[in-house]
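Chains as they are written, first to last, in this note's numbering: chain Z, 4 to 233; chain B, 4 to 233. Okay, so here's the structure we're looking at.
Protein chains: 2
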Amino acid sequence: MKIAVLGTGIVGQTYASKLITLGHDVMIGTRNVSEKLNSSAKDSYGNPPFGEWYTKNSSVKLGTFEEAATFGEIVLNVTQGGNSITVLKLANAKNLNGKILIDISNPLDFSKGMPPSLLPELSNTNSLGEEIQKLLPSVKVVKALNTMWCGLMVNPLMINSGDHNTFICGNDSDAKDQVKRLLKSFGWIDKNIIDLGDISAARGTEMYLPLWLRIYGATSNGAFNIKIVN
Amino acid sequence: MKIAVLGTGIVGQTYASKLITLGHDVMIGTRNVSEKLNSSAKDSYGNPPFGEWYTKNSSVKLGTFEEAATFGEIVLNVTQGGNSITVLKLANAKNLNGKILIDISNPLDFSKGMPPSLLPELSNTNSLGEEIQKLLPSVKVVKALNTMWCGLMVNPLMINSGDHNTFICGNDSDAKDQVKRLLKSFGWIDKNIIDLGDISAARGTEMYLPLWLRIYGATSNGAFNIKIVN
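This is the structure we're talking about:
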């Protein structure tokens, strides 16, 4: 399947690599292709520049946000949450309409110190998932996988034999079914993918991030997830 | 030990019953004792009036918030989050100073529809736990147990052989150790009580509530908790 990944950071790289491994045709979208390829700047986490990753993963196509949105049958938003709306405007609704957009980003606000809080206008009574759905009413937005470190998102078998939970939500049932199939191709167990309902449930999964960050801070181990027990 | 429970709702009743069973001397605090005893009103969840519970649990003492705060060596805040600050002002700092206050409440905001959101002024860059610590700087506030249904808080063995997680945070290490001992007396396993650091980590545990509420909505089962797996 043709899948577009909007965002060149570690999360985007992780998805692109995984999707290629699974036999998909992948295009990463970025603002300015040549600038991105030629930049020698490390990201804010100290990761190597994108170009370094790309030389080892050149089967991934690279295009502008608009080209990637046009290319993808399914589109993944893995941009920084604070930039997602701007990026999706650049991607342009006309290239996205009718498609499934999997929103994996979190509206983290780094402006008020560490650990980050959430952007006030995108939390509590709103969420990034909902804001994207409002911006793109003809797109099938499914919030998914945003509650853990990206390595685990695409490789759940890394811990506890894959027995832990992930959440999806969105307004379109068929779109959620298709996203579920993609998650299962990553190794997610069907019963562990919890459908929380419509896109407003993104409030819940995004507001979990502050707890995630505190657990990470207390344990110094990001390769964890939660398992619902009852 | 003398323990005060501020709040007469289901959570307060659950704690008072459990603490009596464990041999503690317990006083529940309320705004107006005779009004509370004589009221025939069900609570907002349709639970029977407090007086009905109290006739079966009369070994629990009943007093005003101020009397209960004076009585307790440890004080539990289980009032509705939106009322907690008012209640603690009535309890009066002079009756609480130097003591451990375990804050179990969540700042739920029912004014914007269901499921509730969080009170904006007590979320994201603030929390109820922190607000209480600011109000009562000489009290050792420990946020604990606020991430699950009250039945599980005091009886973790009810599910998964007690193997699931709870979180504590607060600025005073000795106070957290003492709260840990109380939690262990409820059945919590030492390794499953995660210390998230200072009281600002209450932002994390309180902001988990919207996810809890969505999981509850999707599964129709409140007797669940999360277990960290890695």
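Ideal placement from N, C-alpha and C gives every residue a C-beta, glycine not left out. Predicted, not measured: the structure shown is a model, and the values here were computed from it.
Chain Z within 8 Å of residue 110 of chain B, Cβ atoms only: Here the question's residue 110 of chain B lines up with position 107 in the second sequence. Not an interface residue.
Residue-level contact to chain B via CB, residue 204 of chain Z, 8 Å cutoff: Residue numbering aside, residue 204 of chain Z sits at position 201 when the first sequence is read from its first letter. Judged by the 8 Å Cβ criterion, residue 204 of chain Z is in contact with chain B.
Continuous alpha helix (DSSP H) stretch holding residue 97 of chain B: start and end: Within the second sequence, the letter at position 94 stands for residue 97 of chain B. Segment 96 to 99, the alpha helix (DSSP H) holding residue 97 of chain B.
Alpha carbon of residue 193 of chain B to alpha carbon of residue 171 of chain B, nearest angstrom: Numbered from 1 along the second sequence, position 190 holds the residue referred to as residue 193 of chain B. Numbered from 1 along the second sequence, position 168 holds the residue referred to as residue 171 of chain B. Cα-Cα distance, rounded: 12 Å.
Unbroken stretches of the alpha helix (DSSP H), 4 residues or longer, contained in the segment 205 to 229 of chain B: 205 to 210, 212 to 222
Where residue 147 of chain Z falls, given that 16 or more other Cβ within 10 Å makes a residue buried: By 1-based counting over the first sequence, the position of residue 147 of chain Z is 144. Buried, by the Cβ-count rule.
Contact list for residue 176 of chain B against chain Z, beta-carbon separation under 8 Å: Along the second sequence, one-based indexing puts residue 176 of chain B at 173. Going along chain Z, no residue has its Cβ under 8 Å from residue 176 of chain B, so there is no contact; the nearest lies around 14 Å.
Anticipated Cβ contact below 8 Å, residue 6 of chain B with residue 75 of chain B, distance rounded: Here residue 6 of chain B refers to the residue found at position 3 of the second sequence. Here residue 75 of chain B refers to the residue found at position 72 of the second sequence. The pair is a contact, with the Cβ atoms about 5 Å apart (cut-off 8 Å).
C-beta contact flag for residue 168 of chain Z and residue 103 of chain Z at 8 Å: By one-based count along the first sequence, residue 168 of chain Z stands at place 165. By one-based count along the first sequence, residue 103 of chain Z stands at place 100. Taking 8 Å as the cut-off, the Cβ atoms of residue 168 of chain Z and residue 103 of chain Z do not count as close.
Straight-line Cα distance separating residue 178 of chain B from residue 71 of chain B: Your numbering for residue 71 of chain B matches position 68 in the second sequence. Your numbering for residue 178 of chain B matches position 175 in the second sequence. Whole-angstrom Cα-Cα distance: 19 Å.
Collapsed DSSP secondary structure at residue 147 of chain Z in the structure displayed: Walking along the first sequence from the start, residue 147 of chain Z turns up at place 144. Residue 147 of chain Z sits in a strand when the DSSP states are folded into three classes.
Interface flag, residue 226 of chain Z vs chain B, CB-CB below 8 Å: On the first sequence, residue 226 of chain Z is found 223 positions in, with the first residue counted as 1. Interface residue, yes.
Chain B contacts from the segment 163 to 187 of chain Z (Cβ-Cβ distance under 9 Å): 163, 166, 167, 168, 170, 172
Touching by the beta-carbon criterion (3+ pairs, under 8 Å), the segment 120 to 136 of chain B and the segment 18 to 28 of chain B: Because the criterion of three Cβ pairs below 8 Å is not met, the segment 120 to 136 of chain B and the segment 18 to 28 of chain B do not touch.
Inter-residue spacing [alpha-carbon to alpha-carbon] between residue 46 of chain Z and residue 87 of chain B: Numbered from 1 along the first sequence, position 43 holds the residue referred to as residue 46 of chain Z. Numbered from 1 along the second sequence, position 84 holds the residue referred to as residue 87 of chain B. Approximately 43 Å, taken between the alpha carbons.
Neighbourhood of residue 186 of chain Z by C-beta, 6 Å cutoff - its chain only, sequence neighbours within 5 removed: By one-based count along the first sequence, residue 186 of chain Z stands at place 183. Counting only Cβ-Cβ distances below 6 Å, and skipping sequence neighbours, we find 196.
Close-in-space but distant-in-sequence residues of the same chain around residue 183 of chain Z (CB under 6 Å, 5 per side omitted): Counting from one through the first sequence, the residue named residue 183 of chain Z turns up at place 180. Shown here for residue 183 of chain Z: same chain residues with a beta carbon closer than 6 Å to its own, the five before and five after excluded, namely 196 in chain order.
Residues of its chain near residue 13 of chain B, where Cβ-Cβ distance is below 8 Å and the 5 sequence neighbours each way are ignored: Position 10 of the second sequence, counted from the first residue, corresponds to residue 13 of chain B. Answer for residue 13 of chain B: 46, 48, 50, 153, listed in chain order.
Residue 194 of chain Z at chain B interface by Cβ criterion, 8 Å: As a working note, residue 194 of chain Z is residue 191 in the first sequence. By this cut-off, residue 194 of chain Z is not an interface position.
Chain-ordered neighbours of residue 115 of chain Z on chain B, where CB pairs are closer than 8 Å: Working through the first sequence from its first residue, we reach residue 115 of chain Z at position 112. Neighbours of residue 115 of chain Z on chain B, chain order: 128.
Residue range of the unbroken beta strand (DSSP E) whose run includes residue 104 of chain Z: Counting from one through the first sequence, the residue named residue 104 of chain Z turns up at place 101. First-last of the beta strand (DSSP E) with residue 104 of chain Z: 103 to 106.
When Z/163, Z/159, Z/73, Z/220 are compared against residue 93 of chain Z, the one with the closest alpha-carbon: To locate residue 93 of chain Z, count along the first sequence from 1; it is residue 90. Comparing Cα-Cα distances from residue 93 of chain Z to each of Z/163, Z/159, Z/73, Z/220, the minimum goes to Z/73.
Chain B contact residues for residue 151 of chain Z, given Cβ-Cβ distances below 7 Å: What you label residue 151 of chain Z is simply residue 148 of the first sequence in a count that begins at 1. Residues of chain B passing the Cβ test: none, with the nearest at roughly 11 Å.
Ranges of the alpha helix (DSSP H) found wholly within the segment 18 to 58 of chain Z, counting only runs of at least 4: With a minimum length of 4 residues, the continuous alpha helix (DSSP H) runs that stay inside the segment 18 to 58 of chain Z are 36 to 41.
Beta-bridge pairing of residue 120 of chain B - partner residues as DSSP gives them: Against the second sequence, residue 120 of chain B aligns to sequence position 117. Paired residue(s): B/112.
Bounding residues of the alpha helix (DSSP H) (the contiguous stretch that carries residue 131 of chain Z): For the purposes of this step, residue 131 of chain Z is identified with residue 128 of the first sequence, where counting begins at 1. For residue 131 of chain Z, the enclosing alpha helix (DSSP H) stretches over residues 131 to 138.
Boundaries of the alpha helix (DSSP H) in which residue 186 of chain Z is found, first to last residue: Working through the first sequence from its first residue, we reach residue 186 of chain Z at position 183. Unbroken alpha helix (DSSP H) run through residue 186 of chain Z: 176 to 189.
Contacts around residue 138 of chain B, its chain only, beta-carbon distance under 7 Å, and the 5 residues preceding and following it disregarded: Numbered from 1 along the second sequence, position 135 holds the residue referred to as residue 138 of chain B. Correct list, in chain order: 88, 91.
Residues that residue 125 of chain B bridges to, as DSSP identifies them: On the second sequence, position 122 is the one that residue 125 of chain B refers to. Bridge partners of residue 125 of chain B: none, in fact.
Under the three-state DSSP convention, the category residue 90 of chain B falls into: Mapped onto the second sequence, residue 90 of chain B falls at position 87. The answer is helix: DSSP assigns residue 90 of chain B an H, G or I state.
Residue(s) in a DSSP beta bridge with residue 7 of chain B: Numbered from its first residue, the second sequence carries residue 7 of chain B at position 4. BP columns for residue 7 of chain B point to B/30, B/78.
Alpha carbon of residue 163 of chain B to alpha carbon of residue 233 of chain Z, nearest angstrom: Start at 1 with the first residue of the second sequence, and residue 163 of chain B comes out as number 160. Start at 1 with the first residue of the first sequence, and residue 233 of chain Z comes out as number 230. Roughly 6 Å separates the two Cα atoms.
Same chain, Cβ closer than 6 Å to residue 16 of chain B, five either side skipped, listed in chain order: The residue you call residue 16 of chain B lines up with position 13 of the second sequence. Answer for residue 16 of chain B: 56, listed in chain order.
is_contact[residue 135 of chain B, chain Z] using C-beta, thresh 8 Å: To locate residue 135 of chain B, count along the second sequence from 1; it is residue 132. Cβ-Cβ to chain Z under 8 Å: no for residue 135 of chain B.
Proximal residues of chain B, C-beta to C-beta of residue 198 of chain Z below 8 Å: Mapped onto the first sequence, residue 198 of chain Z falls at position 195. Here the neighbours are 221.
Cα-Cα separation between residue 212 of chain B and residue 155 of chain Z, rounded to whole angstroms: Taking the first residue of the second sequence as 1, we reach residue 212 of chain B at position 209. Taking the first residue of the first sequence as 1, we reach residue 155 of chain Z at position 152. C-alpha separation (whole angstroms): 23 Å.
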